[in-house]
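Using the numbering used here, you'd call the opening residue of the sequence shown number 190 and step up by one each time.
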Amino acid sequence: MAGFRRRAPARAGIAMVAHPSVTLFVDLSEGDSLVHDAHGRRGRGSTVVGLVPGDLRFGGRAAGGIECLQIRLSPVLAVAVFGASTDLGGTVVTLEDVWGRDAGRAEERLRAATSWDERFTIAADALGRRMSARPSPDPEVAAAWWLMRAGRGRVRVDSLASEVGWSRKRLWSRFRSQIGLTPKHAARLVRFDHAARLLAAGDAAAQVAARSGYVDQAHLHREVKAFTGVTPTAVAAAPWLAIDDVAWPASCADLTPSASPIHQVSGELTFRPPHSQATTRLPG
190 MAGFRRRAPA
200 RAGIAMVAHP
210 SVTLFVDLSE
220 GDSLVHDAHG
230 RRGRGSTVVG
240 LVPGDLRFGG
250 RAAGGIECLQ
260 IRLSPVLAVA
270 VFGASTDLGG
280 TVVTLEDVWG
290 RDAGRAEERL
300 RAATSWDERF
310 TIAADALGRR
320 MSARPSPDPE
330 VAAAWWLMRA
340 GRGRVRVDSL
350 ASEVGWSRKR
360 LWSRFRSQIG
370 LTPKHAARLV
380 RFDHAARLLA
390 AGDAAAQVAA
400 RSGYVDQAHL
410 HREVKAFTGV
420 TPTAVAAAPW
430 LAIDDVAWPA
440 SCADLTPSAS
450 PIHQVSGELT
460 FRPPHSQATT
470 RLPG
């Protein structure tokens, strides 16, 4: 989890980079100031973003400034929170569409909180209660996902099926229905994420390609373009809304607005990296 605040009443805009997680953006601004634009359609307020949502941008403008809580869930955990019937691949929906009245109640509690730490606790509690009321994904699907993550996406579907004791066809079908992507596409996403982290850490593209299992630098370039629409160089320079201290450069203050649209938001950012005690990690 991470909290973002822009105090000045200025317009802000960011582009979202594909990530192997389902992302919640909870709008805590006064009024529905957070705006998303996906697939040519605009929406307002709190949003749930599925895996590989395509060209997605967030922006907004509020007189009192913009506040947003970002929560990232592994797709395995997201199944337990939202249910396997939710298509987690490529979707962008409002939180109200997913949670109904619970969404409004959760937003009210979060807005009333006096600190980000309190908000993290409230959010974790809300997610935990929803998990206890819903079935978890198939153990085999969960195991296949964690094997992908452990192998940084460099896995074969046949090997995954053998590891979990299913046929290739059954794994393909069950994984797709619950996670929202085919196993092959999910593995590509995990591998891209590993490469993106290396690029953000300053590694050269040729070195990243070799370390991430791409055939060559051209192969890396094609995959990065497929997932983000931009080049590896642009990904390396953009501190997107990622909750880790690798994807965020050590000194966001040194970035110019022209180099990174998100700089307008990160200038007054409340952020908790993974090693911080304020970060809440949920099971799974």
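We treat Cβ as the ideally placed atom computed from N, Cα and C, and that holds for glycine.
Because the structure is a prediction, the values reported are computed rather than measured.
In chain order, Val-344, Leu-349, Glu-352 place their CB closer than 7 Å to the CB of Leu-336, counting only its own chain and leaving out the 5 sequence neighbours on each side. Spanning the alpha carbons of Gly-293 and Gly-239 requires a straight line of approximately 20 Å. With a threshold of 16 other beta carbon atoms within 10 Å, Thr-236 meets it and is buried. Counting along the chain, the unbroken alpha helix (DSSP H) around Arg-308 starts and ends at 305-321.
By alpha-carbon distance to Ser-362, the top candidate from Ala-384, Ala-333, Leu-388 is Ala-333. In chain order, Thr-420, Pro-421 place their CB closer than 7 Å to the CB of His-410, counting only its own chain and leaving out the 5 sequence neighbours on each side. When rounded, the separation of the alpha-carbon atoms in His-225 and Arg-298 is 23 Å. Annotation: Phe-193 to Leu-258 spans about 6 Å, alpha carbon to alpha carbon.
In terms of Cα proximity to Asp-347, the closest of Arg-341, Val-413, Ala-339, Arg-359 is Arg-359.
From the listed residues Arg-308, Gly-369, Ile-311, Thr-417, the smallest Cα separation to Ser-263 is found for Gly-369.
Per DSSP, reduced to three states, the secondary structure at Thr-422 is helical. For Arg-359, the enclosing alpha helix (DSSP H) has its first and last residue at 357-368. Arg-341 is a Cβ neighbour of Val-379, given a cutoff of 8 Å. For Arg-300, the CB contacts under 8 Å within the same chain, skipping 5 residues up- and downstream, are Leu-217 in chain order. The beta carbon of Asp-382 is closer than 7 Å to those of His-208, Pro-209 in its chain, skipping five residues each way along the sequence. Taking every protein chain shown into account, the CB of Arg-230 has fewer than 16 other CB atoms within 10 angstroms, so this residue is exposed. By the 16-neighbour rule on beta-carbons within 10 angstroms, Gly-234 is buried. Ala-191 and Leu-387 have their C-alpha atoms roughly 21 Å apart. DSSP, reduced to helix, strand and coil, places Glu-256 within a strand of the structure shown.
Shown here, Ala-191 sits in a strand according to DSSP, grouped into three states.
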